[in-house]
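As structure tokens, the structure follows; a few thoughts come after it.
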Amino acid sequence: MLEVSVQKKLHLFHLDCTFKVGREVLAVTGESGAGKTSLLKMIAGLMQPDAGRISLHGRELYNQDNLDVRTQDRKLGYVFQDYALFPHMSVEDNLFLAQKVKDEAQVRELLGTFGVDPLAKRYPHEISGGQRQRVAFARALVTKPDFLLLDEPFSSLDPQTKERLYKEFHNFRKEWNIGALLVTHNAVEAQILSDKVLEIRDGRVVREKFNHLKGRILEIVDEEYYKELVIEALGTRLSVVKPEYFSFANYRENMQVAISIKPENLILTKDARIGTCGGNRFGGVVKHVHRTRRSTKVELQVGEETLLCALGLRAADRLDLKKEDHVVCLLAEQDVEILNTLD
Amino acid sequence: MIQPILVSLKVASLALILIIAASLLLVRLFTEKEFRGKDTLETLIMLPMVLPPTILGYGLLLLFGRHGFLGKPLFALFDASLIFTWGAAVLAAFIVGLPLMYQSLKGGITAIDEQYIQAARTLGLEEERIFWRIKLPLARQGFISGLALALARALGEFGATLMVAGNIPGKTQTVPIAIYFAVEAGRYQEANILLGFMLLSSLGLIYFITSKRRGRRTC
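Chains as they are written, first to last, in our numbering: chain A, 87 to 429; chain B, 170 to 388.
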């Protein structure tokens, strides 16, 4: 678990961010100059915060009482926006350099994982942008880091390459089971690739969105006036109703999809008798309740997933939610958004 | 006639070895560490670039002469003086060549995209290794240019060398000094041959820098 709470005075604003992230992908979005890269650099130890605390899996990396672990000792993998592959070294040498003892088998395996092993002897300027990005990922993993920091790694790629690499990113994350912080200014990319999105503006967290899920299409109902997808997600069957102009041509049964549920669209109740007139309904357990002056955010455990629900103050008071409370979640069929196919 | 060439090559190559070692040390010191008096020390290193060689030579004479600030303890320790030896010629060449090499190498290193250094740190590389494996190879152009400029300056050094090492044929008489005295004595043939050597070596060095620059790899 990466726990971050940092404050830093930057040129135009005061950066103040608090969040934590486990073995999932947390996307940090925001416009250029919002403080995203500065945040990443502070976590990596490449920039010093003015105050705060950073810890990774319980190990303190920075605190304001003079603890500031060197970048070299933080055990973090970092993929830079322009990849920062050393131009005077071949692809394999870029990886060998990070090893304390030369381990050719590990380098071959990593390059193989990302499908760039035939390029081992080439120099960074001799390979394409997408290949460079794969090498950068492989290099970031050589040191077997505890966590990954990704600074807009897809931003300089063409749309086709980007889409292919999104899928590869999914697969590699599944295989490595490693947490990652993905900085991106692309909101769609954030939704597709992450489990949770943190939007920052002028150095402050303005929105925290969960609920990006993966599912599998079970059934496609595509009739003249009625179109419905049945998706297996959250350990249950979710109905997704789309307007009649929506085309299902790109979907097929058993296809993996990424879906999004906006926290404000989830309705919570403790009364098991309340239904939704044909909408989706599933049970969840309260993990955490975070009250602010304007709203209440509830973190729910639903099956193996974590969902975020945003409640109005009155609704929150009425429900009086506490940790470990069992609740029923109601979700309208049109409020499940399909973001992308993952196959 | 060959002797001044041999002396010049000996003096310049020894000075160059010292210049490389000192530049690497100083560039690391000035680019990686913060300390008091940094600017003053750097100004002192760069001073020979702007001082007339004769003034520099006179300064070295005062410093390393038998009664000089450094010459006195050296004489007491080794019962010998550096002045009017080929060592003094090496010292003069070192002093005038060092700022050129230092400046060029430092420029090359500070021009490196900071992301490469940061990437190396995230990969767990220690600063020592970052310098040798990342900074120095990426500052190759600056290193080569500095090397060629310092060598050219060391080979062509005249004023300071004459003042501290004198004109002892076979010992301290370098090519520029030999040309000066050959012309003064009317030995034009000798002067022309030595001039040819200087021209060829300078042209060779310039060609070396240009060809290395053309072969530069970018990413």
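Yeah, the Cβ is synthetic: ideal placement off N, Cα and C, and Gly gets one too.
For residue 263(A), count the other beta carbons within 10 Å of its own beta carbon; 16 or more makes it buried, fewer makes it exposed. Which is it?
For the purposes of this step, residue 263(A) is taken as the residue at position 177 of the first sequence. Exposed is the label assigned to residue 263(A), since fewer than 16 other Cβ atoms lie within 10 Å of its Cβ.
Under 8 Å between beta-carbons, which chain B residues line up against residue 166(A)? List them in chain order, please.
Indexing the first sequence from 1 puts residue 166(A) at position 80. Residues of chain B whose Cβ lies closer than 8 Å to the Cβ of residue 166(A) are, in chain order, 284, 287 and 288.
Go ahead and pull the three-state DSSP assignment for residue 316(A).
Residue 316(A) sits at position 230 when you count from the first residue of the first sequence. Strand at residue 316(A).
Contacting residues, own chain, Cβ-Cβ under 7 Å from residue 386(B) (five flanking each side not counted):
Position 217 of the second sequence, counting from 1, holds the residue named residue 386(B). Low per-residue confidence applies at residue 386(B): pLDDT is 49, beneath 50, and the placement is therefore not dependable enough to give any value.
According to the neighbour-count rule (16 or more other Cβ atoms, all chains shown, within 10 Å of its Cβ), is residue 358(B) buried or exposed?
Residue numbering aside, residue 358(B) sits at position 189 when the second sequence is read from its first letter. So residue 358(B) ends up on the exposed side.
Give the residues from the region 292 to 316 of chain B that approach chain A closer than 8 Å (Cβ to any Cβ), ordered along the chain.
Taking 8 Å as the Cβ-Cβ cut-off against chain A, the residues of the region 292 to 316 of chain B that qualify are 292, 293, 294, 295, 302, 303, 306, 307 and 309.
Is the region 117 to 135 of chain A touching the region 145 to 160 of chain A in the sense that three or more CB pairs, one from each, lie closer than 8 Å?
Put simply, the region 145 to 160 of chain A touches the region 117 to 135 of chain A. At least three CB pairs are less than 8 Å apart.
Output, in sequence order along the chain, the residues in the region 172 to 189 of chain A whose CB is closer than 7 Å to any CB in chain B.
If the cut-off is 7 Å between Cβ atoms, the region 172 to 189 of chain A has 172, 173, 174, 183 and 184 near chain B.
What is the DSSP secondary structure of residue 150(A), reduced to helix, strand or coil?
As a position in the first sequence, residue 150(A) is number 64, starting the count at 1. If DSSP states are grouped into helix, strand and coil, residue 150(A) belongs with coil.
Please go through the same chain and pick out, in chain order, the residues whose beta-carbon is closer than 6 Å to the beta-carbon of residue 388(B), but skip the five residues on each side of it.
By one-based count along the second sequence, residue 388(B) stands at place 219. At residue 388(B) the pLDDT is 41, less than 50, meaning the model places this residue with poor confidence and gives no usable figure here.
Short CB-CB distance (under 7 Å) between residue 199(A) and chain B:
Here residue 199(A) corresponds to residue number 113 of the first sequence, with the count starting at 1. Interface flag for residue 199(A) against chain B is unset, since no Cβ pair is found closer than 7 Å.
Using a C-beta to C-beta distance shorter than 8 Å, which residues of chain B count as neighbours of residue 170(A)?
Within the first sequence, residue 170(A) is the residue found at index 84, counting from 1. Under the 8 Å cutoff, chain B gives 282, 284, 285, 287 and 288.
Put residue 169(A) into one of helix, strand or coil per three-state DSSP.
Reading the first sequence from its first residue, position 83 is the one you call residue 169(A). Look at residue 169(A) here: in three-state DSSP terms it is coil, with no helix or strand label.
With DSSP run on the structure shown, which of helix, strand or coil describes residue 164(A)?
Locating residue 164(A) in the first sequence gives position 78, counting from the first residue. Residue state, collapsed to three classes: strand.
Can you check which of these residues, 341(B), 317(B), 318(B) and 314(B), is closest to residue 327(B) by C-alpha distance?
If you number the second sequence from 1, residue 327(B) lands on position 158. For the options 341(B), 317(B), 318(B) and 314(B), the alpha carbon positioned closest to that of residue 327(B) is the one of 341(B).
As a quick exercise: from 227(A), 418(A) and 161(A), pick the residue whose alpha carbon is nearest that of residue 347(A).
The residue you call residue 347(A) lines up with position 261 of the first sequence. With distances taken between Cα atoms, residue 347(A) lies closest to 418(A).
Euclidean distance between Cα positions of residue 318(B) and residue 175(B)
On the second sequence, position 149 is the one that residue 318(B) refers to. On the second sequence, position 6 is the one that residue 175(B) refers to. Residue 318(B) and residue 175(B) have their C-alpha atoms spaced approximately 20 Å apart.
Hey, residue 279(A) and residue 165(A) are a contact pair by Cβ (cut 8 Å); roughly how many whole angstroms apart?
Walking along the first sequence from the start, residue 279(A) turns up at place 193. Walking along the first sequence from the start, residue 165(A) turns up at place 79. Under the criterion of beta carbons closer than 8 Å, residue 279(A) and residue 165(A) do not qualify as touching, at roughly 13 Å.
Residue 344(A) in three-state terms, based on DSSP
Position 258 of the first sequence holds residue 344(A). Strand, per DSSP.
For residue 243(A) and chain B, any beta-carbon pair shorter than 7 Å?
Walking along the first sequence from the start, residue 243(A) turns up at place 157. Residue 243(A) does not count as touching chain B.
Given this structure, state the Cα-to-Cα distance separating residue 373(B) from residue 257(B), to the nearest angstrom.
Sequence index remark: in the second sequence, residue 373(B) carries index 204 (1-based). Sequence index remark: in the second sequence, residue 257(B) carries index 88 (1-based). Using only the alpha carbons, I get a separation of about 27 Å.
Taking only runs of the beta strand (DSSP E) that begin and end inside the region 88 to 127 of chain A, which ones reach a length of at least 3 residues, in chain order?
Qualifying beta strand (DSSP E) stretches, in chain order: 88 to 95, 100 to 107 and 111 to 115.
Tell me the rounded alpha-carbon separation between residue 385(A) and residue 143(A).
Numbered from its first residue, the first sequence carries residue 385(A) at position 299. Numbered from its first residue, the first sequence carries residue 143(A) at position 57. For the pair residue 385(A) and residue 143(A), the Cα-to-Cα distance works out to about 21 Å.
Taking DSSP as the reference, what is the three-state secondary structure of residue 187(A)?
Indexing the first sequence from 1 puts residue 187(A) at position 101. Correct three-state label for residue 187(A): coil.
Environment of residue 165(B) [buried if 16+ CB atoms lie within 10 Å]:
Only positions 170 to 388 of chain B appear in this structure, which leaves residue 165(B) out of reach.
Rounding to the nearest angstrom, what Cα-Cα distance links residue 327(A) and residue 313(A) in this structure?
As a first step, residue 327(A) is located in the first sequence; it is residue number 241 there, counting from the start. As a first step, residue 313(A) is located in the first sequence; it is residue number 227 there, counting from the start. If I take the Cα positions, the gap works out to 6 Å.
Considering only their Cβ atoms, is the gap separating residue 371(B) from residue 321(B) smaller than 7 Å?
Locating residue 321(B) in the second sequence gives position 152, counting from the first residue. Locating residue 371(B) in the second sequence gives position 202, counting from the first residue. With respect to the 7 Å criterion, residue 321(B) and residue 371(B) are classified as neighbours on the basis of their beta carbons.
Quick one: using the 10 Å Cβ neighbour count with 16 as the cut-off for buried, is residue 197(B) buried or exposed?
Within the second sequence, residue 197(B) is the residue found at index 28, counting from 1. Counting Cβ neighbours within 10 Å, residue 197(B) comes out buried, since at least 16 surround it.
If you check the beta carbons only, do residue 221(A) and residue 202(A) fall under 7 Å apart?
Taking the first sequence and counting its residues from 1, the one referred to as residue 221(A) is at position 135. Taking the first sequence and counting its residues from 1, the one referred to as residue 202(A) is at position 116. It is a contact, given that the beta carbons lie within the stated cut-off.
Just the C-alpha distance for residue 272(A) and residue 287(A), rounded to the nearest angstrom, thanks.
By one-based count along the first sequence, residue 272(A) stands at place 186. By one-based count along the first sequence, residue 287(A) stands at place 201. Straight-line Cα distance between these residues: approximately 14 Å.
Meets three-Cβ-pair contact criterion under 8 Å: the region 267 to 286 of chain B and the region 306 to 316 of chain B
Contact between the region 267 to 286 of chain B and the region 306 to 316 of chain B is present: three or more C-beta pairs spanning the two stretches fall below 8 Å.
With DSSP run on the structure shown, which of helix, strand or coil describes residue 177(B)?
Start at 1 with the first residue of the second sequence, and residue 177(B) comes out as number 8. Reduced to three states, the DSSP call for residue 177(B) is helix.
Report the residues of the region 312 to 340 of chain A with a CB closer than 8 Å to any CB of chain B, ordered along the chain.
Look at the region 312 to 340 of chain A: it has no residue with a C-beta under 8 Å from a C-beta of chain B.
Is it the case that the Cβ atoms of residue 265(A) and residue 223(A) are separated by a distance below 7 Å?
By one-based count along the first sequence, residue 265(A) stands at place 179. By one-based count along the first sequence, residue 223(A) stands at place 137. Going by beta carbons, residue 265(A) and residue 223(A) fall outside the 7 Å limit.
On the CB-based measure, 16 or more other CB atoms within 10 Å of its CB, does residue 388(A) come out buried or exposed?
Numbered from its first residue, the first sequence carries residue 388(A) at position 302. It is buried - the Cβ of residue 388(A) has at least 16 other Cβ atoms within 10 Å.
Report the three-state DSSP secondary structure of residue 233(A) (helix, strand or coil).
Along the first sequence, read from residue 1 onward, the residue named residue 233(A) stands at position 147. The DSSP-derived three-state label of residue 233(A) is strand.
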